Structure formats: structure tokens, C-alpha cells
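Taking it in order: structure first as C-alpha cells, then the write-up.
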Ligand code: PGA
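In this note's numbering, the protein residues as written are 2 to 243.
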């Protein structure tokens, strides 16, 4: 069975003053089969690890380098994330593919680095609006999946997040039929059928329950609505109930 996971991606948001949100989240008790993850900016990993210690909340990074260490100014290795308290790392988010020109081959290499550091890689895939309009959604998503997922990826070390680029931070979401179509195709294509499949893109307390009701949706990767414990807590409750 795939594990249920509510994952929050804080992106480039969060100062020490925002640790109060994690403290509030630690007080929310999810069902035992629902994982709760926050991926803060790297600057907050260590203080968050202290707050989350012994709780149900796990931590993750938002990117990592392919190497273990070395002369790479500004980069962070998977080993460093693990050392700071991370259990997961988001890789190949569309903002990194767009802002930093990351290819699927590079994402696969980063996922290999994450696996060898003992991290679970959350590999993101998703089409642009132009690709959807051109009828290329499944081609794009499945080819990103195949090229971004390294050999040795299993349900124990890899999670896939479907995030349509046009739904991220826009308040627009695909129809349930459109989400189901992509998730069903992902389920049929992933190298391990038990891999958790997350949906991401404008997930909110108001739409989470219907999205989690879909057969091959095992959770969500949540941006804006993960920044406040009240909103993210409501999404966690919806996942618990699904
Ligand atoms: P959003 O972001 O929930 O703010 O749309 C999702 C993501 O980019 O992971």
C-alpha cells in the first residue's frame, strides 16, 4: 500500500519568527498512516529539527546538489540535509526546472545522491499550460517521470508529485477527472506500484478532501497553504479522513 503523505513546501518563505507555525503543527495529531512533512528553507532545518524531535512531523530539503561535498558555492548536499535533520528532499520542482534550467537527467542524478544519503526523494513532474493545451500532458509527465527517476527507486526511497505548472500558486486546479487521468497513468508507469503519488498545485483546505478522494492520489505537496498551521492542519485532517 502507498503511504499517505501531506507535504508542505515553504519555498523561499520563513524566518525564525515563523517557527511558531511548526510548534502549532506539532500539536496536530494525524492518524498513524498519514505522514506529515515540512520542507522549509535550509536556514530553518536545524531549528525545526529541534522543535519536531519526537513528534509526527518530518522535515525535508527543497533541493540538493549531486555531490557529497566540494567547491560548489551556495549549494547544499543531500548529506548536509540529512545531517541537519531532513528525511526527505524535493527534487525537480518546476520552479527549479524553470529558474535554474534543471533537466530530468540532472534530477535523476540528484535523486541518486539523495538515496545514497538515506533521504527519500520527492520527484516532481508536471506540464505547462501550453503543453496541456497541445494535448501533450501525459507525454510530458510520463517522459519526465521516466527520465527523472533513477534506477533503484522504490516506494521506500521515492515519492512522485504531479504538479501542473499552471496550477502552482495560481488558485487554479485541474478538474478531478484531469488529476485522476494523470495519477492513473503515473500509477501504471512508476517502477514500484506502491510509490506514493502526491498531487500539488493550489491545494487548500476547501479542495483537499475531494482531491484525496481520488483512487491514485496518496496525498499532496502544498505550497502557500502549508505556511500556516491552521490551513495545513485542515489539509492533514482531510488526508486522515480519506
Ligand atoms: P501551491 O504550490 O500550493 O502554492 O500552489 C505547490 C508547490 O509548488 O509545491
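All C-beta atoms in this analysis are idealised placements derived from N, C-alpha and C, irrespective of residue type, glycine included.
Everything numeric in this text was worked out from a predicted model, so none of it was measured.
Proximal residues to residue i (C-beta, below 8 Å), its chain only, five neighbours per side dropped
i: residue 10; result: 40, 63, 91, 94, 201, 222, 223, 224, 227
i: residue 13; result: 42
i: residue 192; result: 150, 154, 155
Between the CA atoms of residue j and residue i - distance to the nearest angstrom
i: residue 153; j: residue 123; result: 14 Å
i: residue 76; j: residue 65; result: 7 Å
i: residue 145; j: residue 133; result: 14 Å
i: residue 50; j: residue 73; result: 25 Å
i: residue 138; j: residue 181; result: 13 Å
i: residue 59; j: residue 3; result: 17 Å
i: residue 37; j: residue 7; result: 5 Å
i: residue 86; j: residue 96; result: 24 Å
i: residue 194; j: residue 220; result: 15 Å
i: residue 17; j: residue 230; result: 15 Å
i: residue 54; j: residue 84; result: 14 Å
i: residue 22; j: residue 46; result: 14 Å
Spatially closest choice to residue i from the options, by CA coordinates
i: residue 69; options: 116, 100, 27, 45; result: 116
i: residue 198; options: 28, 172, 204, 216; result: 216
i: residue 25; options: 36, 196, 56, 35; result: 56
i: residue 173; options: 143, 185, 195, 205; result: 205
i: residue 110; options: 78, 212, 240; result: 78
Cβ neighbours of residue i in the same chain (closer than 7 Å, five flanking residues each side left out)
i: residue 141; result: 128, 132
Residue i Cβ short of 7 Å to the ligand PGA heavy atom set
i: residue 224; result: yes
i: residue 1; result: As shown, the chain starts at 2 and ends at 243. That puts residue 1 outside it, with no answer to give.
i: residue 170; result: yes
i: residue 204; result: yes
Sequence-distant residues of its chain with Cβ nearer than 6 Å to residue i (five each side left out)
i: residue 130; result: 167
How do the stretch 153-172 and the stretch 117-134 stand: do at least 3 beta-carbon pairs fall below 8 Å, yes or no? yes
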